[in-house]
Amino acid sequence: MSGFLSDFILLKTQIRKTFLRKVFSSIGLGGTALSFLILPSFGCNHTLAIVLICTSYMFVGCNYSGYRVALADMAPSYLGIMYAISNTFSCLLVLFATQIVGIMLGDGSLPYWKTVFYVTAAISAFGLFVYLWFGTSE
Numbered sequence: 001m002s003g004f005l006s007d008f009i010l011l012k013t014q015i016r017k018t019f020l021r022k023v024f025s026s027i028g029l030g031g032t033a034l035s036f037l038i039l040p041s042f043g044c045n046h047t048l049a050i051v052l053i054c055t056s057y058m059f060v061g062c063n064y065s066g067y068r069v070a071l072a073d074m075a076p077s078y079l080g081i082m083y084a085i086s087n088t089f090s091c092l093l094v095l096f097a098t099q100i101v102g103i104m105l106g107d108g109s110l111p112y113w114k115t116v117f118y119v120t121a122a123i124s125a126f127g128l129f130v131y132l133w134f135g136t137s138e
């Protein structure tokens, strides 16, 4: 959905690609961060927690019209190599993240999970601020 909306906005307006990519990244990463900040307030209500996690993945979809497509905007001839390098680093971080979360969870009680959710929100917000500051599509 976000891809179609992004293309429509680019065709019908004079908005610059970099600005539009940052808007969609803000929705994607900011929405994800906000979702994980709210998540601990639900406590042990599994239904609301699952709904909010699904909502956070809806926000993640906006990233595909944000920072992810910016690589294609910057260097379409080298997209495969650039994406492979960036994806390798992100996959390595995810590999270590599972181990770190396992250590952080301790006995798996709610306070430990809250910490995991807050750290997840902080990482998402950090990624957003880095992209807003340094990101470009040109």
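Residue numbering for the sequence shown follows this note's numbering, starting at 1 and increasing by one per position. Beta carbons: idealized from backbone N, C-alpha and C, even for Gly. Please read all numbers here as calculations on a predicted model, not as lab measurements.
Proximity winner among the options, relative to residue i (alpha-carbon distances)
i      : options                      : result
Gln99  : Leu110, Val116, Tyr83        : Val116
Trp133 : Ser6, Phe19, Gln14           : Phe19
Gly31  : Lys17, Thr47, Thr55          : Thr55
Ile123 : Val94, Ile103, Met58, Gly106 : Val94
Asn87  : Met104, Val69, Ile50         : Val69
Simplified DSSP assignment, three categories, for residue i
i      : result
Asn87  : helix
Gln99  : helix
Gly80  : helix
Gly3   : helix
Cys44  : coil
Thr136 : coil
Ile15  : coil
Asp107 : coil
Ser122 : It should be noted that the sequence gives Ala, not Ser, for residue 122. Three-state result, Ala122: helix.
Cutoff 7 angstroms; reference residue i; Cβ partners in own chain excluding five residues on either side
i      : result
Ile38  : Leu52
Tyr67  : Arg21, Ser25, Tyr131, Gly135
Val101 : Val116
Same chain, Cβ closer than 6 angstroms to residue i, neighbours up to 5 away in sequence not counted
i      : result
Pro40  : Lys114, Phe117
Ala121 : Ala33, Phe36, Leu37
Lys17  : Asp73, Ser137
Leu29  : Ser124, Gly127, Leu128
Residue environment, residue i, which counts as buried when at least 16 other CB atoms sit within 10 Å
i      : result
Asn45  : exposed
Tyr83  : exposed
Ser2   : buried
Asn63  : buried
Leu110 : exposed
Leu92  : exposed
Ile27  : buried
Ser90  : exposed
Ser65  : buried
Ser77  : exposed
Contact test: residue i Cβ vs the ligand NAP heavy atom, cutoff 7 angstroms
i     : result
Ile85 : No copy of the ligand NAP occurs in the structure displayed, which carries no ligand at all.
Cβ neighbours of residue i in the same chain (closer than 8 angstroms, five flanking residues each side left out)
i      : result
Met58  : Gly31
Leu71  : Leu79, Met82, Tyr83, Ser86
Leu105 : Tyr112, Trp113, Val116
What alpha helix (DSSP H) runs, 4 residues minimum, are completely inside the region 15-39?
17-25, 31-38
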